[in-house]
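One structure is given below, encoded as structure tokens.
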Amino acid sequence: MLSKLFRKTPLAWRQLMKEKTRLIIAAAGIAFADMLMFSQLGLQDSLYDSATLPHSLLQADLVVINPQFQTLASPKSFPRERLYQTLASENVEAVSSIYIGMGQWKNAQTRLNRAILIWGIEPEAPSFKLPEVRQNATELKLLNNVLFDRASRPEYGAIANNKQKHETIETELNNQNIQVTGLFTLGTSFGADGNVITSDSTFLKLFPERQPHQIDVGLIQLKSGINPNIAKVQLIAALPNDVKVLTREDFIAVERYYWESQGTIGFIFGLGVVVGFIVGIVIVYQILYTDVTNHLPEYATLKAMGYSDRYLLGVLLQEALLLAVLGYIPGFAISIGLYQLTYAATLLPIGMTLSRAISVFILTVVMCSASGAIAMRKLQAADPADIF
1 MLSKLFRKTP LAWRQLMKEK TRLIIAAAGI AFADMLMFSQ LGLQDSLYDS ATLPHSLLQA
61 DLVVINPQFQ TLASPKSFPR ERLYQTLASE NVEAVSSIYI GMGQWKNAQT RLNRAILIWG
121 IEPEAPSFKL PEVRQNATEL KLLNNVLFDR ASRPEYGAIA NNKQKHETIE TELNNQNIQV
181 TGLFTLGTSF GADGNVITSD STFLKLFPER QPHQIDVGLI QLKSGINPNI AKVQLIAALP
241 NDVKVLTRED FIAVERYYWE SQGTIGFIFG LGVVVGFIVG IVIVYQILYT DVTNHLPEYA
301 TLKAMGYSDR YLLGVLLQEA LLLAVLGYIP GFAISIGLYQ LTYAATLLPI GMTLSRAISV
361 FILTVVMCSA SGAIAMRKLQ AADPADIF
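Under full-length UniProt numbering, the residue at position 127 of the sequence shown is numbered 127, and the numbers go up by one with no gaps.
As structure tokens, this is what we get:
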């Protein structure tokens with residue numbers, strides 16, 4: 001079927017090349033639609049990736065949270081007692097806890113405050129699968145010592161550069177003096193422009209209103225060889241319903257679901273993709289409709305000679321596919337550049353992926369093919385006797 005379709009390609013190609021200016025405008029329009037879809041899908045994926053990266057880095061087989069927990073940007077606490085109750089299970093090796101809060105970091109140079117996400121961990125207990133956390137565990141035990149995320153936004157100050165020069169870095173966090181004793185890499189997200197890791201003792205000093213027995217995330221390490229899903233079911237049956245036990249994958253799914261369905265950002269990005277698709281259909285339809293209108297006598301002649309509507313539809317579809325390829329290539333190339341600019345400006349984890357490139361190409365082909373099929377209606381309605 002494809003061989004028959006592309007055997008007639010020269011007719012479609014010559015029609016497109018006859019009006020080079022119109023061809024360039026059409027390709028530019030399709031490229032714009034592709035860029036819009038690429039940008040929306042890229043930002044959407046970066047939203048999900050950045051929001052769930054901390055979850056994937058947790059050093060835990062199971063996670064305990066409040067049943068009302070939706071996102072790390074606004075966590076819900078639960079009694080530490082519930083976490084300790086899991087130690088009664090023969091499957092549990094160890095447990096640890098994490099406090100989460102949004103604090104105010106003062107830039108030592110500009111003296112301006114900026115919100116930053118603070119993680120309070122037990123320094124000697126497993127928390128994040130980050131080598132810097134283990135290496136700086138001893139320093140974290142000291143009160144008012146923190147680790148700073150080198151991938152945070154530059155508005156917090158030149159912390160990473162100064163630390164690499166072995167300079168002493170002191171500033172204020174929640175109006176209390178702190179010292180940066182080390183760096184780690186986590187990255188920004190739509191919920192936080194930066195991150196700080198500190199000990200649970202320092203965290204409670206930074207947030208005096210927090211109750212020590214109320215934690216935000218409980219981490220459970222299982223004994224070797226234990227299936228997390230089986231252990232999860234057993235712990236759910238043993239614990240009261242004021243907590244929820246999840247695998248790390250389930251925990252990631254909870255966060256992703258929030259941004260996909262509960263948060264408005266995910267909806268906006270999805271709407272942007274739909275808008276880009278519709279814009280592309282309109283642009284290609286206008287080009288093909290104009291082509292049909294301008295060449296209606298030629299098409300009518302072909303119909304009078306016995307060529308079927310199916311043959312003429314094949315010509316239009318070939319034009320649509322050629323436009324799809326000619327528009328996709330510059331749209332793809334420009335989108336890669338836009339991803340680089342977006343990363344430099346926001347530090348969000350955004351970049352071109354093979355799956356996204358294939359998805360947008362398929363959408364482009366469908367978009368152009370649909371436009372060609374719609375434009376064909378005018379040609380089908382044309383009567384050669386009326387035209388001549």
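Backbone N, C-alpha and C define an ideal beta-carbon position, used for all residues, glycine too. Keep in mind it's a predicted model, so treat the numbers as computed, not measured.
Which word fits residue i, buried or exposed, when buried means at least 16 other C-beta atoms lie within 10 angstroms of its C-beta?
{"i": "phenylalanine 6", "result": "Summary for phenylalanine 6: the model assigns pLDDT 48, below 50, so the residue's position carries little reliability, and this model does not support an answer."}
{"i": "residue 413", "result": "Residue 413 falls outside the range modelled here, since the chain spans only 1 to 388, and no answer is possible."}
{"i": "lysine 8", "result": "With a pLDDT of only 47 at lysine 8, under 50, the local geometry of the prediction cannot be trusted, and no value is derived from it."}
{"i": "valine 243", "result": "buried"}
{"i": "glycine 101", "result": "buried"}
{"i": "isoleucine 24", "result": "exposed"}
{"i": "asparagine 227", "result": "exposed"}
{"i": "tryptophan 13", "result": "exposed"}
{"i": "glutamine 109", "result": "exposed"}
{"i": "tyrosine 84", "result": "exposed"}
{"i": "alanine 115", "result": "exposed"}
{"i": "isoleucine 215", "result": "buried"}
{"i": "lysine 129", "result": "exposed"}
{"i": "glutamine 340", "result": "exposed"}
{"i": "leucine 271", "result": "exposed"}
{"i": "glycine 306", "result": "exposed"}
{"i": "proline 212", "result": "exposed"}
{"i": "glycine 120", "result": "buried"}
{"i": "lysine 303", "result": "buried"}
{"i": "isoleucine 159", "result": "buried"}
{"i": "leucine 354", "result": "exposed"}
{"i": "serine 39", "result": "buried"}
{"i": "valine 131", "result": "With the sequence shown as reference, residue 131 is identified as proline, and valine is not the correct amino acid for it. It is exposed - the Cβ of proline 131 has fewer than 16 other Cβ atoms within 10 Å."}
{"i": "leucine 87", "result": "exposed"}
{"i": "residue 390", "result": "In this structure the chain extends from 1 to 388, so residue 390 is not present and cannot be described."}
{"i": "leucine 117", "result": "buried"}
{"i": "threonine 202", "result": "buried"}
{"i": "methionine 376", "result": "buried"}
Please state whether DSSP places residue i in a helix, a strand or coil.
{"i": "glycine 42", "result": "helix"}
{"i": "threonine 247", "result": "strand"}
{"i": "glutamate 132", "result": "helix"}
{"i": "aspartate 216", "result": "coil"}
{"i": "leucine 347", "result": "coil"}
{"i": "isoleucine 226", "result": "coil"}
{"i": "aspartate 49", "result": "helix"}
{"i": "phenylalanine 69", "result": "coil"}
{"i": "alanine 370", "result": "helix"}
{"i": "leucine 57", "result": "coil"}
{"i": "alanine 85", "result": "Sequence inspection shows glutamine at residue 85; the alanine mentioned does not correspond to that position. Of the three classes helix, strand and coil, the one that applies to glutamine 85 here is helix, per DSSP."}
{"i": "leucine 62", "result": "strand"}
{"i": "leucine 204", "result": "helix"}
{"i": "aspartate 34", "result": "helix"}
{"i": "glutamine 211", "result": "coil"}
{"i": "leucine 239", "result": "coil"}
{"i": "leucine 363", "result": "helix"}
{"i": "leucine 147", "result": "strand"}
{"i": "isoleucine 358", "result": "helix"}
Just the C-alpha distance for residue i and residue j, rounded to the nearest angstrom, thanks.
{"i": "leucine 53", "j": "glycine 372", "result": "42 Å"}
{"i": "arginine 111", "j": "threonine 198", "result": "22 Å"}
{"i": "isoleucine 178", "j": "lysine 163", "result": "14 Å"}
{"i": "valine 275", "j": "leucine 47", "result": "19 Å"}
{"i": "valine 273", "j": "phenylalanine 267", "result": "10 Å"}
{"i": "phenylalanine 190", "j": "arginine 356", "result": "21 Å"}
{"i": "glutamine 68", "j": "phenylalanine 277", "result": "37 Å"}
{"i": "leucine 235", "j": "valine 325", "result": "54 Å"}
{"i": "proline 123", "j": "lysine 165", "result": "25 Å"}
{"i": "glutamine 176", "j": "proline 240", "result": "38 Å"}
{"i": "tryptophan 259", "j": "alanine 125", "result": "30 Å"}
{"i": "asparagine 161", "j": "asparagine 113", "result": "20 Å"}
{"i": "isoleucine 350", "j": "threonine 293", "result": "43 Å"}
{"i": "glutamine 44", "j": "phenylalanine 361", "result": "18 Å"}
{"i": "phenylalanine 251", "j": "leucine 58", "result": "10 Å"}
{"i": "glycine 182", "j": "asparagine 136", "result": "7 Å"}
{"i": "residue 393", "j": "leucine 72", "result": "Because the chain is modelled from 1 through 388, residue 393 falls outside the range shown and cannot be assessed."}
{"i": "methionine 1", "j": "serine 261", "result": "Only weak support exists for where methionine 1 lies, its pLDDT of 47 falling under 50; the value from the coordinates is given anyway. Computed Cα separation, rounded: 42 Å."}
{"i": "alanine 51", "j": "alanine 370", "result": "36 Å"}
{"i": "glycine 42", "j": "isoleucine 334", "result": "13 Å"}
{"i": "phenylalanine 32", "j": "leucine 186", "result": "33 Å"}
Which whole-angstrom value is the C-beta distance of residue i and residue j, which I expect to be below 8 Å?
{"i": "residue 460", "j": "glycine 194", "result": "Here the chain has residues from 1 to 388 only, and residue 460 is not among them."}
{"i": "aspartate 149", "j": "glycine 331", "result": "Not confirmed; about 34 Å, so no contact."}
{"i": "valine 146", "j": "leucine 173", "result": "7 Å"}
{"i": "leucine 323", "j": "isoleucine 30", "result": "6 Å"}
{"i": "leucine 246", "j": "valine 233", "result": "At roughly 12 Å, the Cβ-Cβ gap does not stay under 8 Å, so leucine 246 and valine 233 are not in contact."}
{"i": "cysteine 368", "j": "leucine 312", "result": "Between leucine 312 and cysteine 368 the Cβ distance is about 17 Å, and since that is not below 8 Å, they are no contact."}
If we require 4 or more residues per run, which alpha helix (DSSP H) segments fall completely within the region 249-332? Contiguous alpha helix (DSSP H) elements confined to the region 249-332 occur at 264-294, 296-304, taking only those with 4 or more residues.
Mind pulling the alpha helix (DSSP H) runs of 4 or more residues that sit fully within the region 152-200? Taking only runs of at least 4 residues, the alpha helix (DSSP H) segments lying wholly in the region 152-200 are 159-164.
Can you give, in chain order, each stretch of the beta strand (DSSP E) that sits fully within the region 93-130 and has at least 3 residues? Within the region 93-130, the complete beta strand (DSSP E) runs of at least 3 residues are 113-121.
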